[in-house]
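*Asks:* Line order of the protein sequences matches chains R and F. First residue of the first sequence? That's 0 in numbering that gives the first Met the number 0, and the numbers climb one at a time after it. First residue of the second sequence? That's 0 in numbering that gives the first Met the number 0, and the numbers climb one at a time after it.
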Amino acid sequence: MSIGENITQAIVNIKTNKMRAILTMLGIIIGVAAVIAIMMLGNTMSSSISTQMQSLGVNNITVYVQQRDQTGNQNFTRVGGNNIQEKDLITDSMLNTLRQKYSDSIQAFSLTNSVGSGQTTSGSKSANLNLIGTSPEYNTANNLTLTQGRFILQTDADNRRNVAVVSDKLVSAIFGDANPIGQSIFVTVGTHINNYAIIGVYQSQAQNFGGGTTASSQLPTDVYIPLSTAQRITGSSGYQSAVVMTKVGVNATDFSTTIQNMLNQYYVKNINYQVSTFTAESMVSQVTSMLNMVSIMIAAIAAISLLVGGIGVMNIMLVSITERTREIGVRKALGATNGAIRGQFIIEAIVICFIGGVVGIVLGLVIGTVGVSIIGGMMGSGMTLSVTAPVSTIFLATGISIAIGVFFGYYPANNAAKLDPIDALRYE
Amino acid sequence: MNIIELRGIVKRYFVGKPNELEVLHGVDLSVGEGEFISIVGESGSGKSTMMNIIGLLDRPTEGSYSLSGENVLVQPDSELSILRGRKVGFVFQTFNLIGRMSAQKNIEVPMLYNHVPAKERARRAEHLLEIVGMNDRAKHQPNELSGGQKQRVAIARAMANDPDVILADEPTGALDTETGLLVMNIFLDLHKNFGKTIVLITHNQTLAAQTQRIITLKDGNIVSVRAGGNPIPGPQDLLEAAV
Chain R
0 MSIGENITQA IVNIKTNKMR AILTMLGIII GVAAVIAIMM LGNTMSSSIS TQMQSLGVNN
60 ITVYVQQRDQ TGNQNFTRVG GNNIQEKDLI TDSMLNTLRQ KYSDSIQAFS LTNSVGSGQT
120 TSGSKSANLN LIGTSPEYNT ANNLTLTQGR FILQTDADNR RNVAVVSDKL VSAIFGDANP
180 IGQSIFVTVG THINNYAIIG VYQSQAQNFG GGTTASSQLP TDVYIPLSTA QRITGSSGYQ
240 SAVVMTKVGV NATDFSTTIQ NMLNQYYVKN INYQVSTFTA ESMVSQVTSM LNMVSIMIAA
300 IAAISLLVGG IGVMNIMLVS ITERTREIGV RKALGATNGA IRGQFIIEAI VICFIGGVVG
360 IVLGLVIGTV GVSIIGGMMG SGMTLSVTAP VSTIFLATGI SIAIGVFFGY YPANNAAKLD
420 PIDALRYE
Chain F
0 MNIIELRGIV KRYFVGKPNE LEVLHGVDLS VGEGEFISIV GESGSGKSTM MNIIGLLDRP
60 TEGSYSLSGE NVLVQPDSEL SILRGRKVGF VFQTFNLIGR MSAQKNIEVP MLYNHVPAKE
120 RARRAEHLLE IVGMNDRAKH QPNELSGGQK QRVAIARAMA NDPDVILADE PTGALDTETG
180 LLVMNIFLDL HKNFGKTIVL ITHNQTLAAQ TQRIITLKDG NIVSVRAGGN PIPGPQDLLE
240 AAV
């Protein structure tokens, strides 16, 4: 009997017991749909996160100071706050030495000196802000897009000018539609109060992953002032962290180790502090591998669902074969070999699993698409998620469905094939 | 040439166990080509076992069996299945049509296993339906057919691969008198007009009387072989035969 005839027969038999077939397929449908949906979400998430990480700049190496844990073990954690002393910070002289030594690899340093968070007010209007001193290269290192004016220049730093680059959000909160360039803002950060002239406006990025309850207009945005201006306020000339921008063609990951080793020579006698580095590249791979782990775990759960589904198929095939014992006897009397009977029932199991698989794929694509758009909505408008249909997963899911049919169909089908035709014909 | 040659057929069940049971004690039987014979006997006489052995559904414990000159018992089981499909046509008491399958498709089943091409299958099934007078019911499912109609389809199915022998096991047992006569007439017709070799297994002596030779089995032995009348039955005869 040909495969085509067997498939036709299988479909006829499945149609006769529609409800039973659907319930049997459910396990397969749920398993496949889960796999497809998870893969879609996972792929979309990791690709969009990679893209975002890359926008931070793959050629940047962040160098930061770590402090030894006070618990006395060997662990170090990144320092934060103001409990760090001047002698423990990265200094301009260290960076200058670094620049001289590796002039063929280093393009520039992007340095920051954080003054703190505060706000600016203008009449009844106000906006929250973080006042940060930056070097002129900060702009390129962080891929800021200027919509108006210019970024901080070396001359601003040399002359310790009170100029600022602000976000478009801040501008719309304080100035509305009026041209902000040349206007001044009144900034209060703790005890520090000063006026800054606006020289540029940058496009603020969406606040990703933070989508909490705070209205987005209340979220503080960064206000950039020249590094020297900030140093005068904070009284500190060192850096807790610095971004090293490498020249094109330099392997950031390898070079970060070199920088780390070199800078740590300054900390040989300072046992409580050390310098560490990270690159966007390594962060991307870390996040991606974490997402992959989650995907794999959920896929494993889906695999269990498929296993349970497969057992359901096996069960229903055993029931079906018992019901059709007499038919099997008749078929044998009419010339069916054991192989023909086995083939008939394996194909029936495959057809059940295949239909379940196809329904599961469609369902999974629907769930995945909806899920991606929901997550996209949660992440804010700044992030566009492209839905990627996991083509290889679809093929894999189809293949796995068929394999489940073969695997869980074989035992019942073999039982059917081995039936004694005389007993089968007598079966009531 | 004899179609069926059975020599010294012994069938024992539970061989070597305390409850060993011998149901056939060395039976010899020859059936010539184009012969219409009947095997009669009461329950437990060994009729069914005989039919199973002739129909290649079972192997005897001892003895030899040649079907159309071929020593079939040396063949492996898979080969026996194929021979069964080609050389033997079964007609059962309870029809045994496969449900959810039209009359025509049922007739095509033996041809499917014999790898007959689809077009040829359909053509032959239609022809056979015509022979049994069922061509207007080709697309009907078994549950839409009466008992007599089912048995006619079953006879057409038994003819599907043009077998060397038709084995009919109580073919009228589940039918009313009138329908039984109709079915018996079809067998007589297949014998007379198509030269089919037919072995009819029954416990109905009057039905057996219409065949050419009546083999009577009792307790696993052939106790008598009589010539049957095999007349072309008139209406009166048929009625008597059926009662």
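Where a beta carbon is used, it is the ideal one built from N, C-alpha and C, also for glycine.
(1) Any beta carbon from chain F within less than 8 Å of R:GLU347's own beta carbon?
(2) Check the C-beta distance from R:ALA412 over to R:ARG325 and give it rounded, since I have them as a contact under 8 Å.
(3) Work out the CA separation of R:ALA20 and F:ALA117 for me, nearest whole Å.
(4) Count the C-beta pairs between the segment 117-134 of chain F and the segment 55-62 of chain F that are closer than 8 Å, then say yes if the count reaches three, no if not.
(5) Looking at C-beta atoms only, is the number of pairs between the segment 259-276 of chain R and the segment 107-121 of chain R that lie closer than 8 Å three or more?
(6) Looking at chain F, is there any beta carbon in it that lies within less than 8 Å of the beta carbon of R:PRO411?
(7) If we count Cβ pairs, one from each stretch, closer than 8 Å, do we get three or more for the segment 361-378 of chain R versus the segment 316-332 of chain R?
(8) Please go through the same chain and pick out, in chain order, the residues whose beta-carbon is closer than 7 Å to the beta-carbon of R:ILE258, but skip the five residues on each side of it.
(9) So, using beta-carbon positions, are R:GLY41 and R:LEU290 closer together than 8 Å?
(10) Cutting at 6 Å between CB atoms, please list the residues of its own chain near R:TYR137, excluding the five before and the five after it.
(11) According to DSSP, simplified to helix, strand and coil, what is F:GLU143?
(12) Under 8 Å: do the segment 14-34 of chain F and the segment 356-368 of chain R share three or more Cβ pairs, one atom per stretch?
(13) Using DSSP with H/G/I as helix, E/B as strand and the rest coil, what is R:GLN118?
(14) Please tell me whether F:LEU181 and F:GLY147 are closer than 8 Å, where the distance is taken between their beta carbons.
(15) Tell me the rounded alpha-carbon separation between R:ILE151 and R:GLN230.
(16) Give a yes or no on whether the minimum CB-CB distance between R:GLU322 and chain F is below 8 Å.
(17) Is the CB of F:ASN142 under 8 Å away from at least one CB in chain R?
(18) Chain A partners of R:VAL11, CB-CB under 7 Å?
(19) Would you call the segment 217-232 of chain R and the segment 159-177 of chain R in contact, with 3 or more CB pairs under 8 Å?
(20) In or out: R:ASN314 buried (at least 16 other Cβ within 10 Å) or exposed?
(21) Express the C-alpha separation of R:ASP176 and R:LYS268 in angstroms, rounding to a whole number.
(22) Can you confirm whether R:THR43, when its beta carbon is compared against all beta carbons of chain F, has any partner nearer than 8 Å?
(23) State the beta-bridge partners of R:PHE185 as determined by DSSP.
(24) Select from the segment 304-318 of chain R all residues with a C-beta closer than 7 Å to any C-beta belonging to chain F, and list them in chain order.
(25) Give me whichever residues DSSP pairs with R:LYS331 in a beta bridge.
(26) How is R:LYS14 classed by DSSP in three states: helix, strand or coil?
(27) How is F:ILE214 classed by DSSP in three states: helix, strand or coil?
*Replies:* Once the coordinates are examined:
(1) no
(2) Incorrect: roughly 17 Å between the Cβ atoms, too far for contact.
(3) 29 Å
(4) no
(5) no
(6) no
(7) no
(8) ILE60, VAL62, LEU97, VAL243, THR276
(9) yes
(10) SER109
(11) helix
(12) no
(13) strand
(14) yes
(15) 15 Å
(16) no
(17) no
(18) Checking the listed chains, one finds no chain A in this structure; the protein chains it contains are R and F.
(19) yes
(20) exposed
(21) 55 Å
(22) no
(23) R:ASN194
(24) none
(25) None; R:LYS331 has no bridge partner.
(26) helix
(27) strand
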